[in-house]
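This report refers to the structure that appears directly beneath it.
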Amino acid sequence: MRLFDLLKKAFTKLGAIANYIVDEYDSGSWHIIKYSNGKCVVTTEQAYSTAITNAGGFGYYRYQVFALPSVVKTVTKRHVSCMCNYPIAYSVMDSSSYPTNDDQIYVGVYCAGSTTRTVTYYIEVEGKWK
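Numbering (our numbering), first residue to last: 24 to 153.
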């Protein structure tokens with residue numbers, strides 16, 4: 024056994040290393056961090072030119088579905104924000120009323136008028152890794 028492994032084991036037992044990064048890498052547009060306690064954090068920034076044309080009660084909306092990286096086993100927390108650079112526009116993130124599950128996430132953007140714009144989504148998901 025290497026000295027590093029012995030020290031890591033000793034410090035972990037003492038609680039000095041409670042949760043450390045096991046792996047960190049990029050997969051496609053996703054940045055993935057895996058922790059020793061089984062937690063993972065995946066983040067991405069993705070931009071789409073999209074038509075925002077679905078009529079809603081107060082304006083127009085568009086939902087987008089994102090497939091999560093296969094490393095995610097279960098989702099515990101989601102945070103999404105989006106920007107569409109359109110006057111009188113705002114975004115809604117993490118549409119909890121839609122069937123988001125452990126392999127995908129629904130996000131939406133709302134605008135006062137029907138338009139085609141580039142929408143940039145910023146997504147951060149915490150969960151357990153496989």
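Where is the CB? At the ideal position from N, CA and C, for every residue including glycine.
Here's a check: name, in chain order, each residue in its chain whose Cβ is nearer than 7 Å to the Cβ of residue i, leaving out the five neighbours to either side.
i     : result
Gly61 : Lys151, Trp152
Ser52 : Thr67, Gln69
Looking only at its own chain, which residues have a Cβ that is under 6 Å from the Cβ of residue i, when we skip the five neighbours before and after it?
i      : result
Tyr86  : Tyr129, Gly131
Met106 : Thr143
Tyr71  : Val142
Got a sec, what are the start and stop residues for the alpha helix (DSSP H) residue i sits in?
i     : result
Thr73 : Where Thr73 is concerned, there is no enclosing alpha helix (DSSP H), although the beta strand (DSSP E) it sits in stretches over 62 to 75.
Tell me the residue span of the beta strand (DSSP E) that contains residue i.
i     : result
Asp46 : 44 to 50
Lys57 : 53 to 58
Ala90 : 83 to 90
By the three-class DSSP mapping on this structure, what secondary structure does residue i have?
i      : result
Ala78  : strand
Lys153 : coil
Ala41  : coil
Asp28  : helix
Given residue i, which residues of its chain have a CB within under 8 Å of its CB, disregarding the five upstream and five downstream residues?
i      : result
Gln127 : Val88, Phe89, Ala90, Leu91
Gly82  : Tyr133, Cys134, Ala135, Gly136
Thr97  : Asp125, Gly150, Lys151
Taking Cβ positions, are residue i and residue j nearer each other than 9 Å?
i      : j      : result
Ile44  : Ile56  : yes
Tyr145 : Ser104 : yes
Glu147 : Thr99  : no
Asp49  : Val95  : no
Thr73  : Arg140 : yes
Val64  : Tyr58  : yes
Looking at the strands, I want to know which residues DSSP matches up with residue i.
i      : result
Lys100 : Glu149
Thr19  : This structure leaves residue 19 out entirely; the chain is present only between 24 and 153.
Val95  : Trp152
Thr143 : Ala70, Met106
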